[in-house]
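There are 2 protein chains.
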Amino acid sequence: MARSPRARTSITLRDVAELVGVTPSAASMALLDSPRISAKTKEAVRGAAASLGYVPSSAGRALRNQRAGAVALIVPNTSQHVFGHSYFMHVLTGVSAAANAHDTQVLVSTSSDAANGVAAYERVMRSKSADGAILTSAAVTDLNVERLVASGLPVVLIGNFPHLPDAVSVGVDDVAASHSITKHLIERHGRSRLVHVAGPLDHQTGIDRRAGFESAVAAAGIEDSGRVVEGDFGEESGAAAVDELVASGFDFDGMVFANDDMAFGGLQALRRHGIDVPRSIAIVGFDDFGLSRATSPSLSTMHVPAERMAYLATERLFELIDGKSTGPSHRELDVTFIPRTSCGCTTRGADPP
Amino acid sequence: MARSPRARTSITLRDVAELVGVTPSAASMALLDSPRISAKTKEAVRGAAASLGYVPSSAGRALRNQRAGAVALIVPNTSQHVFGHSYFMHVLTGVSAAANAHDTQVLVSTSSDAANGVAAYERVMRSKSADGAILTSAAVTDLNVERLVASGLPVVLIGNFPHLPDAVSVGVDDVAASHSITKHLIERHGRSRLVHVAGPLDHQTGIDRRAGFESAVAAAGIEDSGRVVEGDFGEESGAAAVDELVASGFDFDGMVFANDDMAFGGLQALRRHGIDVPRSIAIVGFDDFGLSRATSPSLSTMHVPAERMAYLATERLFELIDGKSTGPSHRELDVTFIPRTSCGCTTRGADPP
DNA sequence: GTTGAGTGCTTTAACGATAAAGCATCTCGA
DNA sequence: TCGAGATGCTTTATCGTTAAAGCACTCAAC
Numbered sequence: 543m544a545r546s547p548r549a550r551t552s553i554t555l556r557d558v559a560e561l562v563g564v565t566p567s568a569a570s571m572a573l574l575d576s577p578r579i580s581a582k583t584k585e586a587v588r589g590a591a592a593s594l595g596y597v598p599s600s601a602g603r604a605l606r607n608q609r610a611g612a613v614a615l616i617v618p619n620t621s622q623h624v625f626g627h628s629y630f631m632h633v634l635t636g637v638s639a640a641a642n643a644h645d646t647q648v649l650v651s652t653s654s655d656a657a658n659g660v661a662a663y664e665r666v667m668r669s670k671s672a673d674g675a676i677l678t679s680a681a682v683t684d685l686n687v688e689r690l691v692a693s694g695l696p697v698v699l700i701g702n703f704p705h706l707p708d709a710v711s712v713g714v715d716d717v718a719a720s721h722s723i724t725k726h727l728i729e730r731h732g733r734s735r736l737v738h739v740a741g742p743l744d745h746q747t748g749i750d751r752r753a754g755f756e757s758a759v760a761a762a763g764i765e766d767s768g769r770v771v772e773g774d775f776g777e778e779s780g781a782a783a784v785d786e787l788v789a790s791g792f793d794f795d796g797m798v799f800a801n802d803d804m805a806f807g808g809l810q811a812l813r814r815h816g817i818d819v820p821r822s823i824a825i826v827g828f829d830d831f832g833l834s835r836a837t838s839p840s841l842s843t844m845h846v847p848a849e850r851m852a853y854l855a856t857e858r859l860f861e862l863i864d865g866k867s868t869g870p871s872h873r874e875l876d877v878t879f880i881p882r883t884s885c886g887c888t889t890r891g892a893d894p895p
Numbered sequence: 543m544a545r546s547p548r549a550r551t552s553i554t555l556r557d558v559a560e561l562v563g564v565t566p567s568a569a570s571m572a573l574l575d576s577p578r579i580s581a582k583t584k585e586a587v588r589g590a591a592a593s594l595g596y597v598p599s600s601a602g603r604a605l606r607n608q609r610a611g612a613v614a615l616i617v618p619n620t621s622q623h624v625f626g627h628s629y630f631m632h633v634l635t636g637v638s639a640a641a642n643a644h645d646t647q648v649l650v651s652t653s654s655d656a657a658n659g660v661a662a663y664e665r666v667m668r669s670k671s672a673d674g675a676i677l678t679s680a681a682v683t684d685l686n687v688e689r690l691v692a693s694g695l696p697v698v699l700i701g702n703f704p705h706l707p708d709a710v711s712v713g714v715d716d717v718a719a720s721h722s723i724t725k726h727l728i729e730r731h732g733r734s735r736l737v738h739v740a741g742p743l744d745h746q747t748g749i750d751r752r753a754g755f756e757s758a759v760a761a762a763g764i765e766d767s768g769r770v771v772e773g774d775f776g777e778e779s780g781a782a783a784v785d786e787l788v789a790s791g792f793d794f795d796g797m798v799f800a801n802d803d804m805a806f807g808g809l810q811a812l813r814r815h816g817i818d819v820p821r822s823i824a825i826v827g828f829d830d831f832g833l834s835r836a837t838s839p840s841l842s843t844m845h846v847p848a849e850r851m852a853y854l855a856t857e858r859l860f861e862l863i864d865g866k867s868t869g870p871s872h873r874e875l876d877v878t879f880i881p882r883t884s885c886g887c888t889t890r891g892a893d894p895p
């Protein structure tokens, strides 16, 4: 029964089984700790597996178990530019951590070949390369998201998707957060002529953060002096917004940026115009993905727990995959205001080292 | 022969074949455009596949073809902190682009469970989850890299690995690049009392960039006034280096940082100490992964084509996997000096908008 | 002393795709 | 007219794993 000297192929369960003198089935059961296998055989099989360096074939397993042992992280190629590198790394870290805990691989899917008709990520799942997907920050108008959710495949979204009631999602309350940070500028720092530099308004995040700004301004009864400029979450657009406002002669004393990148760009521009931050104009950012701590003056911002969101979203995804879950749901995480120098809360000297 | 109403499982080749009235084999050959199948049957099979939304099972294929259809991008968890988010996103983008061109999935592997004895990424490949791996920026002392290369599995490294002569790698000449940018400070801007803030010296990148700095300083005959401080590629360490130097009363007029993050930190610290950049102290960074363009003053730096490196490394990996390749090799890409404000090449006003 | 329930393995079958070999049927040259 | 070859599919086997059923054998109970 000995087979000819094995070709340069890898070690399979059969090799382990032969070494012990049992069938592959028995070896499989032994490694899975089945009660139907004697302790002695289990011992022997485990020993043989270890000594041969046996690692189960993922393809064999996937085929037999109808389970890929992988989850996909989908990055619509548009939003790769809209959101920053830091954001995706935080998300990737969170997804990886959760996946590792479940002995699962992480597949990153970046393309979305519209040409094919079937979205690339739907193919990923229909081909059973992944058992489920995490999808983040697509444009509101992206109907691939709707289709994916509607397809019934396990999907968890990161962010807010009010137009997709059937979706399972994890996010933060951007409206409340933006309201709160705007209110901070008004009440704590006495600012009353505010500007909001919004994110792209075809993304829910952009819409919600603007809504929060507007509601806070309205609540304070100063909506006549509020103003909104649309940006694209990029540094340049923050700088451009400032340049435009200054050129227009608009008089303002506070700015709420929809993210830190734009705030950073705005900060540079304000400096270039010789405007003192926070004295003349107090500014706040949003996200706290790393940049805000390092600018000078450091940026006061709203911390968004991106990594944790991703972790929880992935945990949720495993529940869906395992069928442990109960219908649509939305989980909301808390954001934390991080007071720094740019709004006037701390002085430069008081910044963390 | 009709089977009972299919359970809620996905569409397989058998469904397609039954719809057309041929065997799964014929359907397979039709979809693979075999010359042994008539044009009419091919047409019918393709039509049926399209109408049913058939997508081949990756597990079935992987098992039969002994090919996972995926490559792994390995991120040693230590270097995730050593190198920045931007770097990995550039690498991920490059790897994805090349993988997409080969209809291949990208697996991101972050853990390295030393506990198991077998490195996690060796498991990934032995389990045939991936056909090969891209590995970047591990510490010189990481013997898992050596083992992985020695194991004979297809691996391409990004960076320089002089201690691994058998490796296939893609990188830039850090020594020459660092020499060149240091020389720029000396010859073009007449600086003669230089400091190098090095990266971690257990990483080849840190070692090489220091070597380039030292050789340039030696070539200019000013080595007595050269000084090296070790950092860790993080912003804070750049700032700490400056603080230390200033506190020590050391007199210098130029700084070569081993990456932009540290240069950024240094810049902030210099500003805090009221030191004019570039007038009093000219500084240069390294990498140009995004940050350098946006600081004020903008950072002169050496552009490292990370995304292209990753793309080419992945192309090379496919050659290895397909057996088209010829032994070990190292491909070197060109770096480009990007003159900006921090060394004195441009004035603030002349910066790109 | 036969039945019944364990115990511990082997046999069988299946997951989905696809090379390789097999077998009809048709076509053509000698 | 008859084999050779081409044509177009079917049969068979395999990749690695594992659930389920099967089959010897032991031991206890009635």
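Sequences listed follow chains A and B, in order.
Per our numbering, the first sequence starts with residue 543, numbered consecutively.
Per our numbering, the second sequence starts with residue 543, numbered consecutively.
C-beta: ideal position from N, C-alpha, C; glycine also.
Quantities reported herein were computed from a predicted structural model and do not represent experimental measurements.
| Item | Value |
| --- | --- |
| Output, in chain order, the set of chain A residues within a Cβ distance shorter than 8 Å of Asp598 (chain B). | Per the sequence shown, the amino acid found at residue 598 (chain B) is Pro instead of Asp. Neighbours of Pro598 (chain B) on chain A, chain order: Ser669. |
| Let's test the definition: count the other Cβ atoms within 10 Å of the Cβ of Gly595 (chain B) and tell me whether it reaches 16, buried, or not, exposed. | exposed |
| Can you tell me which residues form a DSSP beta bridge with Asp829 (chain A)? | A:His845 |
| Leaving out the 5 sequence neighbours to the left and right, which residues in its chain are closer than 6 Å to His721 (chain B) when beta-carbon positions are compared? | Gly754, Ser757, Ala758 |
| If we cut at 8 Å on Cβ distances, does Ser838 (chain B) have a partner in chain A? | yes |
| State yes or no: is the C-beta of Leu695 (chain B) within less than 8 Å of the C-beta of Val687 (chain B)? | no |
| Within 10 angstroms of its Cβ, does Asn658 (chain B) collect 16 or more other Cβ (buried), or is it exposed? | Below a pLDDT of 50, predicted positions are generally treated as unreliable, and Asn658 (chain B), at 43, falls in that range; the measurement from the model is reported next regardless. Classification of Asn658 (chain B): exposed, given that the 10 Å Cβ count is below 16. |
| Output yes or no for whether 8 Å exceeds the beta carbon distance between Arg751 (chain A) and Phe860 (chain A). | no |
| When burial is assigned at 16 or more other CB atoms within 10 Å of the CB, is Leu574 (chain A) buried or exposed? | exposed |
| My understanding is that Ser600 (chain A) touches Gly611 (chain A), with C-beta atoms under 8 Å, so please give their C-beta distance in whole angstroms. | 6 Å |
| Keeping to the same chain, check which residues put their C-beta closer than 7 Å to that of Val660 (chain A); ignore five residues upstream and five downstream. | Note that Val660 (chain A) scores 46 on pLDDT, short of 50, meaning its location in the model is unreliable; the coordinates nonetheless yield the value given after this. Taken in chain order, the list of residues that qualify is empty. |
| What residues from chain B crowd round Gly780 (chain A), counting only those whose CB sits closer than 7 Å? | Within chain B, no residue comes near Gly780 (chain A); the closest Cβ sits about 10 Å away, beyond 7 Å. |
| Would Gln907 (chain B) count as contacting chain A if we go by Cβ distances under 8 Å? | Because chain B in this structure spans residues 543 to 895, residue 907 (chain B) falls outside the shown range and cannot be described. |
| With 16 other CB atoms within 10 Å as the buried threshold, where does Asn607 (chain B) fall? | exposed |
| Just verifying my parser: in three-state terms, what is the DSSP assignment at Arg821 (chain A)? | coil |
| Which class does His738 (chain A) belong to by DSSP, given the choice of helix, strand or coil? | strand |
| Using a beta-carbon distance cut-off of less than 8 Å, what residues from the segment 852-863 of chain B approach chain A? | none |
| If the cut-off is 7 Å on Cβ atoms, which residues from the segment 767-778 of chain B count as contacting chain A, listed in chain order? | Glu777 |
| Please return the same chain residues whose Cβ sits closer than 7 Å to the Cβ of Ile579 (chain B), not counting the five positions on each side in sequence. | Ala568, Met571, Ala572 |
| Is it buried or exposed, Glu849 (chain A), if we count other Cβ atoms within 10 angstroms and call 16 or more buried? | buried |
| Does the beta-carbon of Lys670 (chain B) have 16 or more other beta-carbons within 10 angstroms, so that it is buried, or is it exposed? | buried |
| Taking the straight line between their C-alpha atoms, what separation do you get for Pro577 (chain A) and Ile553 (chain B)? | 35 Å |
| Using Cβ-Cβ distances below 7 Å, what residues of the segment 811-827 of chain A are close to chain B? | Arg813 |
| Count Cβ pairs between the segment 775-786 of chain B and the segment 707-724 of chain B that sit closer than 8 Å; are there 3 or more? | no |
| Ordered along the chain, which non-local residues of its own chain (more than five positions away) have a Cβ less than 8 Å from that of Arg821 (chain A)? | Gly886 |
| On the premise that Val798 (chain B) lies in contact with Glu902 (chain B), defined as a C-beta separation below 8 Å, what is that separation, rounded to the nearest angstrom? | With chain B represented from 543 up to 895, any question about residue 902 (chain B) goes unanswered, as that position is not in the structure. |
| Enumerate in chain order the residues of its own chain whose CB-to-CB distance from Arg545 (chain A) is below 6 Å, with the five nearest sequence positions on each side excluded. | At Arg545 (chain A) the pLDDT is 37, less than 50, meaning the model places this residue with poor confidence and gives no usable figure here. |
| Using DSSP with H/G/I as helix, E/B as strand and the rest coil, what is Leu561 (chain B)? | helix |
| Cutting at 6 Å between CB atoms, please list the residues of its own chain near His815 (chain A), excluding the five before and the five after it. | Val788 |
| Specify the secondary structure class of Gln810 (chain B) as computed by DSSP and reduced to three states. | helix |
| Which residue comes first and which comes last in the beta strand (DSSP E) that contains Arg588 (chain B)? | Counting along the chain, Arg588 (chain B) falls outside any beta strand (DSSP E), though it belongs to the alpha helix (DSSP H) covering 581-594. |
| With a cut-off of 8 Å, does the C-beta of Val650 (chain A) fall near any C-beta of chain B? | yes |
| Within 8 Å (strictly less), CB to CB, does Gln746 (chain B) reach chain A? | no |
| Measuring only the C-alpha atoms, how far is Ala656 (chain B) from Ile817 (chain B)? | Its pLDDT being 48, under 50, Ala656 (chain B) is placed unreliably in this model, and the value from its coordinates should be taken loosely. Their backbone Cα atoms lie some 46 Å apart in a straight line. |
| Leaving aside the five residues before and after Asn642 (chain A) along the sequence, list all residues of the same chain whose C-beta is less than 8 Å from its C-beta, in chain order. | none |
| Please check the pair Ser651 (chain B) and Val613 (chain B), which I expect to be a contact at CB under 8 Å, by giving their CB distance rounded to whole angstroms. | Ser651 (chain B) to Val613 (chain B), Cβ: 11 Å. No contact. |
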